[in-house]
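Asks:
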Amino acid sequence: MADLPLSAALPAAPLRTKRRRLALPALLTVIALTLVLGAPELLPTYLVNTLIRAFLYAAVAITVDVLWGYTGILTFGQSAFFGMGAYAAGLVFTHLGFSPGMALFALAAGVAVAMLVAALLGWLAFYPGASPLYGSVMTLVLPIVVSQLLYSGGNFTGSSSGLSGFESFDLSIEAWFRIAGVFLVVLTGAVWLFVRSDGGKILEAIRDNEQRCEYLGINVSRVKVVLMIACAGIAAVAGFLFACVQMVVAPEYAGFVFGTELLMWVALGGRGTLIGPVLGTLVLDVTTSYLSGSLPFLWKLLSGLAFVIVIVALPQGFTPALWSSMKRWRRQAAAPLAALELQTAEPRPLAGLQGAGRHALALQDVRKNFGSLQVLQGISFHADPHELLSLVGPNGAGKTTLMRCIADGAERSAGKLWLNDHEIKRAPPFACVALGAGRKFQNANVFETLTVAQAMRVARTRHARPSLWRRSAVLPLPAAALQVMQATGLDQHLNLPASELSHGMKQALELAMVMALEPSVLLLDEPTAGLTKPERTLIGQILVDLTREHALCVLLVEHDLDFVREISSRVIVLHQGRIVLDGTVDEVVQSELVRAVYAGGAHAGSS
Amino acid sequence: MPAALEVSGLTSGYSGAVVLRGLSLAVQPGEIVALLGKNGMGKSTLLKTIMGLLPARAGSVRLLGDDVTGEPAHRVARRPVAYTPQERALFQDLSVEQNLQLGLADARGFDAQLARIGEIFPVLPTRLKQRAGTLSGGEQKMLLVARALMAKPKLMLIDEISEGLQPSVIERLAVVLKAERDSAGTAMLVIEQNVGFALSIADRYAVLKMGEIVDHAAVVAGVAAHVADQLGV
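Sequence lines, in order, name chains A and B. Here the first sequence is numbered in the working numbering, starting from 52 and rising by one per residue. Here the second sequence is numbered in the working numbering, starting from 501 and rising by one per residue.
1) Which residues, in order along the stretch 489-509 of chain A, keep a beta-carbon less than 8 Å from a beta-carbon of chain B?
2) Do you know offhand how far A632(B)'s Cα is from Q425(A)'s?
3) Can you tell me whether Y178(A) is helix, strand or coil according to DSSP?
4) Bridge partners of W469(A), per DSSP?
5) Taking all protein chains shown into account, do 16 or more other C-beta atoms lie within 10 angstroms of the C-beta of V359(A), making it buried, or fewer, making it exposed?
6) In three-state DSSP terms, what is A517(B)?
7) Counting only beta-carbon separations shorter than 8 Å, does K538(B) have a partner in chain A?
8) Return the CA-CA distance between A653(A) and E571(B), expressed in angstroms with no decimal places.
9) Spell out the partners DSSP gives I630(A) in its beta bridges.
10) Taking Cβ-Cβ distances shorter than 9 Å, what residues in chain B pair up with Y649(A)?
11) Return the Cβ separation of T395(A) and A530(A) in integer angstroms, given the expectation that the two are a contact with Cβ distance under 8 Å.
12) To which residues of the same chain is A137(A) closer than 8 Å at the C-beta, ignoring the five residues directly before and after it?
13) Are the CB atoms of A504(A) and L391(A) nearer to each other than 8 Å?
14) For Q415(A), collect the residues of the same chain with a Cβ closer than 7 Å to its Cβ; drop the 5 residues on either side in sequence, then sort them by chain order.
15) Kindly indicate if chain B contains any beta-carbon less than 8 Å away from that of H626(A).
16) Tell me which same chain residues have a C-beta within less than 8 Å of the C-beta of T451(A), skipping the five on either side of it?
17) Using 8 Å as the cut-off, can you tell me whether the stretch 199-207 of chain A makes contact with the stretch 121-133 of chain A, which would need three or more C-beta pairs spanning the two stretches below that distance?
18) Would G173(A) and I253(A) qualify as a contact pair, given that the criterion is a beta-carbon distance under 8 Å?
19) Does the CB of P624(B) have a neighbour CB from chain A at under 8 Å?
20) Answer yes if the stretch 622-633 of chain A comes into contact with the stretch 583-591 of chain A, meaning at least three C-beta pairs across the two stretches below 8 Å, and no otherwise.
21) For a test of the three-state rule: what should DSSP assign to A90(A), helix, strand or coil?
22) Could you give the C-beta distance for R704(B) and V533(B), rounded to a whole number, given that I count them as a contact under 8 Å?
23) Excluding sequence positions up to five away, which residues of its chain have a Cβ less than 6 Å from the Cβ of T114(A)?
24) Could you tell me if V720(B) is buried or exposed, where buried requires 16 or more neighbouring beta carbons within 10 angstroms of its beta carbon?
25) Under a Cβ-count criterion, where at least 16 other Cβ atoms within 10 Å of its own Cβ denotes burial, should L356(A) be classed as buried or exposed?
26) Between the alpha carbons of E225(A) and G120(A), how many angstroms are there, rounded?
27) Do L536(B) and E660(B) have their beta-carbon atoms positioned less than 8 Å apart in this structure?
28) Report the residues of the stretch 445-456 of chain A with a CB closer than 9 Å to any CB of chain B, ordered along the chain.
29) Under 9 Å between beta-carbons, which chain A residues line up against L731(B)? List them in chain order, please.
30) What first and last residue would you give for the alpha helix (DSSP H) that runs through R229(A)?
31) For the alpha helix (DSSP H) that A515(A) lies in, which residues bound it at each end?
32) Does Q598(B) get closer than 8 Å to chain A when you measure Cβ to Cβ?
33) Taking 8 Å as the threshold (C-beta atoms), are G251(A) and L562(A) in contact?
34) Are the beta-carbon atoms of E261(A) and V246(A) separated by less than 8 Å?
35) Would you say A287(A) reaches chain B, if we count a Cβ-Cβ gap shorter than 8 Å as a contact?
36) Of all Cβ atoms in chain A, is any one closer than 8 Å to the Cβ of R521(B)?
Next comes the structure, spelled out in structure tokens:
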């Protein structure tokens with residue numbers, strides 16, 4: 052087979068680009084820090100007071116942006132965690148008295164309670180298979196429950212009037228301004244590094260396509276729960292600081308109205324931009340506090356109108372709109388993305404293939420019903436390493452359903468299934484990936500907003516844990532994934548988002564992502580659909596090579612019988628949910644049955 | 501008689517990139533034109549621009565004699581034009597029957613049309629109440645073609661219809677599309693990776709490269725080798 056060059060080095064100046072990438076944000080951080088440290092003496096007291104509050108609200112808005120803007124979890128519940136932090140301070144200072152030690156205890160208790168509740172909420176809201184709407188409803192229930200509890204807490208929580216008049220840190224308003232300001236700037240900087248890091252891209256991958264993430268071996272539910280817990284902790288810290296400054300807490304701060312306001316600020320500022328929600332919160336909260344006094348009723352109307360206008364005219368929010376008009380004004384193409392070097396990753400031993408004489412894949416009486424329709428009616432077979440097994444059959448025979456059952460333990464209605472001699476039981480897709488399965492879907496199943504390079508790195512998450520604050524300048528990929536990228540020209544489009552790829556290129560990208568998983572059982576559902584003949588041939592060669600040299604077991608669904616004939620070592624014919632033939636390529640191609648149910652006159656037997 | 505489709509000097513693309521560069525192409529009534537080309541050359545982009553799903557930056561599109569350049573997609577779709585996109589654009593939660601009904605301009609003709617569809621794809625009439633989303637991938641493709649045929653269109657824009665279909669169904673599809681052209685005079689612009697299938701039904705072919713048509717001729721015996729050469733196969 053053709054030798055493909057394996058190191059496609061792109062013109063790279065990683066160091067310089069990296070410096071440039073960090074220079075502007077670092078400068079902005081320094082300016083922001085200077086401002087928050089130097090400004091309080093220059094500003095009127097009322098504005099200083101208002102800004103302290105806005106800083107803390109903005110910190111919560113950042114957590115909403117991480118959850119909603121970046122990860123796609125629409126949450127109304129961040130106010131509840133803010134309230135927990137605030138009430139921890141209020142309750143401790145009111146009932147136990149104030150001391151620095153008590154303050155530390157209140158902070159720890161508030162954060163701990165918020166994180167525990169977030170873990171519980173996450174567990175309830177993001178169990179595998181939960182719909183996003185259900186998760187959002189759960190986050191809406193939380194602030195309602197929390198504020199109801201606070202209302203019904205009698206003297207302990209102060210009921211509707213909340214707690215006030217407790218002692219707190221004896222600090223000047225200017226000192227609080229600096230503390231809240233530094234807290235916000237540092238938080239923004241840290242989260243900015245995180246969401247733009249290689250690891251942070253997993254959040255956007257989840258927002259784009261949760262299913263693909265699962266099938267890349269990422270435990271999406273766990274990522275969401277961990278994120279929820281971290282964001283709850285941050286919101287609780289903001290709430291604690293808030294109670295310390297204001298020396299008053301009320302149930303409204305934990306309620307869903309505040310939770311919804313946070314969403315509005317994030318939407319107006321521009322979700323998924325981080326800076327947008329911060330600026331949105333600062334501008335809107337400060338304007339509100341100035342105008343709501345003088346125009347109490349009109350202001351609500353005006354802000355409502357403004358919200359509608361912005362959502363209609365600038366659906367992305369202010370910041371992205373400003374950004375793109377600035378770009379147009381400067382007549383500059385998008386800043387050159389960091390150059391990236393593709394590398395060949397060290398081959399690793401295949402999952403679960405240590406022992407000899409094992410079956411890569413075994414099925415025993417696997418059945419699948421959709422209601423009364425029996426799509427699979429007792430499928431039993433096994434396949435070994437080095438086998439390239441093609442699955443052919445008429446449309447609707449159950450081929451894709453069979454693939455689905457192998458890669459997700461929850462799919463089948465009955466029967467047993469083993470991957471590398473591990474029974475998969477009810478294992479979710481990410482756990483099947485850990486057992487060695489890699490599934491390419493029938494339709495191109497990719498991350499639309501991620502670039503080719505970002506998608507490939509997400510696909511490597513299982514093997515190469517990405518940094519949570521850095522972006523790497525190199526991308527090591529297994530040889531097979533690189534070969535697919537080179538054969539289809541994907542390596543020339545590393546910085547192009549998948550949404551701008553053609554249908555065939557998306558198919559190739561998904562195939563490369565699955566190859567990057569280094570699976571031992573490769574499930575391919577029409578992998579070459581939409582690709583040209585030469586590309587098909589190359590991919591066929593890569594598959595043959597993987598099975599021969601690297602002991603892979605490939606299960607392939609294909610309609611191109613010539614392609615099947617060229618590369619398969621064995622063919623299974625599926626018809627109406629049953630295996631009707633299992634044999635060599637020749638046996639199948641010459642079979643009368645295949646001619647009758649599948650191939651038609653022109654195809655079978657010809658070459 | 502005006503051309504079924506006349507594209508002239510068409511430039512179009514996505515936010516970042518120009519994909520079509522001054523492309524001109526015509527399809528006459530009763531003619532099947534195969535549009536061939538590698539991935540990413542702009543084939544699907546052309547169909548989307550014709551249907552008004554992407555804005556034309558320059559040039560014009562005439563459908564059945566009317567200038568439709570700049571018309572929104574829902575207005576373009578009111579003409580007797582059927583578009584089968586590459587992605588399975590079915591109403592996944594509606595039944596097979598409901599999907600077929602949506603293809604009709606006039607619901608009264610449903611039974612007659614269904615009988616015709618049943619001859620082409622026998623599996624569909626047996627699944628009328630099934631949810632379209634639960635059909636297999638290949639069956640969804642069949643439903644997509646069937647829905648397009650329901651309307652008795654004068655022009656069909658077909659994007660990679662053979663993908664994912666079993667060989668015998670592809671053969672039957674070739675017969676059906678040719679019969680549709682011959683009996684009803686339907687014009688078709690067919691995008692295909694399956695060059696053999698495309699050339700077996702087409703009267704003319706055009707090869708698209710980097711957003712421009714580089715080769716354009718009638719399908720005659722022995723043309724397959726020449727086309728393969730053009731495509732770099």
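Cβ coordinates follow ideal geometry from the N, Cα and C atoms, glycine included. Everything numeric in this text was worked out from a predicted model, so none of it was measured.
Replies: So, to answer that:
1) Here the close residues are Q493, N494.
2) Residue 632(B) sits at position 132 when you count from the first residue of the second sequence. Residue 425(A) sits at position 374 when you count from the first residue of the first sequence. Between A632(B) and Q425(A), the C-alpha separation is close to 17 Å.
3) Residue numbering aside, residue 178(A) sits at position 127 when the first sequence is read from its first letter. It is coil, neither helix nor strand.
4) The residue labelled residue 469(A) in the question sits at position 418 within the first sequence. For W469(A), which the question treats as bridged, DSSP gives the partners A413(A), E474(A).
5) Mapped onto the first sequence, residue 359(A) falls at position 308. V359(A) is exposed by the Cβ-count criterion.
6) The residue labelled residue 517(B) in the question sits at position 17 within the second sequence. It is coil, neither helix nor strand.
7) Your numbering for residue 538(B) matches position 38 in the second sequence. Interface residue, yes.
8) The residue you call residue 653(A) lines up with position 602 of the first sequence. The residue you call residue 571(B) lines up with position 71 of the second sequence. For A653(A), the predicted model reports a pLDDT of 47, less than 50, meaning its position is unreliable and no value from the coordinates is stated.
9) Here residue 630(A) is taken as the residue at index 579 of the first sequence, counted from 1. In the DSSP output, where bridge partners are listed per residue, I630(A) has L625(A).
10) For the purposes of this step, residue 649(A) is identified with residue 598 of the first sequence, where counting begins at 1. Residues of chain B passing the Cβ test: Q666, P667, S668.
11) Taking the first residue of the first sequence as position 1, residue 395(A) is located at position 344. Taking the first residue of the first sequence as position 1, residue 530(A) is located at position 479. Yes, they are in contact, since the Cβ atoms of T395(A) and A530(A) sit about 5 Å apart, within 8 Å.
12) Here residue 137(A) refers to the residue found at position 86 of the first sequence. G161, G290, F291, F293, A294, V300, Y304, A305.
13) For the purposes of this step, residue 504(A) is identified with residue 453 of the first sequence, where counting begins at 1. For the purposes of this step, residue 391(A) is identified with residue 340 of the first sequence, where counting begins at 1. Yes. Within cutoff.
14) What you label residue 415(A) is simply residue 364 of the first sequence in a count that begins at 1. Excluding positions up to five away in sequence, the list reads S431, G466, K467.
15) As a first step, residue 626(A) must be located in the first sequence, where it is residue number 575. So no, H626(A) is outside the interface.
16) Your numbering for residue 451(A) matches position 400 in the first sequence. The answer, listed in chain order, is Q493, D576, V608.
17) As far as the Cβ criterion goes, the stretch 199-207 of chain A does not touch the stretch 121-133 of chain A, which means the pair count is below three.
18) What you label residue 173(A) is simply residue 122 of the first sequence in a count that begins at 1. What you label residue 253(A) is simply residue 202 of the first sequence in a count that begins at 1. For G173(A) and I253(A), no; Cβs fall outside 8 Å.
19) Numbered from its first residue, the second sequence carries residue 624(B) at position 124. Sequence inspection shows Leu at residue 624(B); the Pro mentioned does not correspond to that position. False, the Cβ-Cβ gap to chain A never drops below 8 Å.
20) The stretch 583-591 of chain A makes no contact with the stretch 622-633 of chain A; the number of CB pairs closer than 8 Å stays below 3.
21) For this step, residue 90(A) is matched to residue 39 along the first sequence. It is coil, neither helix nor strand.
22) Your numbering for residue 704(B) matches position 204 in the second sequence. Your numbering for residue 533(B) matches position 33 in the second sequence. Rounded, the Cβ-Cβ distance is 5 Å, consistent with contact.
23) For the purposes of this step, residue 114(A) is taken as the residue at position 63 of the first sequence. Around T114(A): Q129, C282, I285, A286.
24) Residue 720(B) sits at position 220 when you count from the first residue of the second sequence. Label assigned to V720(B): exposed.
25) The sequence position of residue 356(A) within the first sequence is 305, counting from 1. The residue in question, L356(A), is exposed, as its Cβ has fewer than 16 Cβ neighbours within 10 Å.
26) Position 174 of the first sequence holds residue 225(A). Position 69 of the first sequence holds residue 120(A). About 32 Å.
27) Translated into the one-based positions of the second sequence, residue 660(B) becomes position 160. Translated into the one-based positions of the second sequence, residue 536(B) becomes position 36. No, they are not a contact pair.
28) P445, N446, G447, A448, G449, K450, T451, T452
29) Stepping through the second sequence from its first residue, residue 731(B) is reached at position 231. Ordered by position in chain A, the residues that pass the 9 Å Cβ test against L731(B) are T583, K584, P585.
30) Along the first sequence, one-based indexing puts residue 229(A) at 178. 224-247 is the extent of the alpha helix (DSSP H) around R229(A).
31) For this step, residue 515(A) is matched to residue 464 along the first sequence. Per DSSP, A515(A) lies in no alpha helix (DSSP H) and is assigned neither H nor E.
32) Within the second sequence, residue 598(B) is the residue found at index 98, counting from 1. Not one chain A Cβ lies under 8 Å of Q598(B).
33) Residue 562(A) sits at position 511 when you count from the first residue of the first sequence. Residue 251(A) sits at position 200 when you count from the first residue of the first sequence. Their beta carbons are not under 8 Å apart, which means L562(A) does not touch G251(A) by this criterion.
34) Residue mapping note: residue 261(A) aligns to position 210 of the first sequence, counting from 1. Residue mapping note: residue 246(A) aligns to position 195 of the first sequence, counting from 1. Going by C-beta atoms, E261(A) is not nearer than 8 Å to V246(A).
35) Translated into positions along the first sequence, residue 287(A) becomes position 236. Chain B places no beta carbon closer than 8 Å to that of A287(A), leaving this residue out of the contacts.
36) Along the second sequence, read from residue 1 onward, the residue named residue 521(B) stands at position 21. For R521(B), the answer is no, since every Cβ of chain A falls outside 8 Å of its Cβ.
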